[in-house]
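First up is the structure itself, then whatever we jot down about it.
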Amino acid sequence: MRHPYTRLIRLEIISIICALIIGTLALIKGFITLIFLCVYLISLSLIVDALIHIHTNQAPLAAKQVLRAILLFIFTTYFIFKL
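When the letters of the sequence shown are read in order and numbered with the working numbering, they come out as residues 503 to 585.
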């Protein structure tokens, strides 16, 4: 029997792995846009983790993850427009 939140868990793992690969490539090549993409993927991972916590009735943990994701998204977007 499969876990009921398998899709969300897979999406979270895929976004983390993509962020790791893109982040490594960005550090080697020196592309700033890839670094921003990596941070957005980490933010996506936090949102998906919050969705998993919401579905498992852990609202305080979900709220913390959503707050972290929103702050990361806002600061990254600010840095994009500031550069």
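The beta carbon of each residue, even a glycine, is placed where N, CA and C say it ideally should be.
#1: Can you give the beta carbon distance from residue 560 to residue 548, rounded, assuming they're within the 8 Å contact cut?
#2: Taking one C-beta from the region 505 to 525 and one from the region 534 to 554 each time, how about it: are there three or more such pairs within less than 8 Å?
#3: Would you please verify whether the beta carbon of residue 540 is less than 8 Å from any beta carbon of chain D?
#4: Along the chain, which unbroken stretches of the beta strand (DSSP E) at least 3 residues long are found entirely within the region 526 to 583?
Looking at the atomic coordinates:
#1: Contact between residue 560 and residue 548 does not hold, since their C-beta atoms are separated by about 14 Å, which reaches or exceeds 8 Å.
#2: The answer is yes - the region 534 to 554 touches the region 505 to 525, with three or more Cβ pairs under 8 Å.
#3: The chain labelled as chain D is not found in the depicted structure, where only one protein chain is given.
#4: Whole beta strand (DSSP E) segments, 3+ residues: zero.
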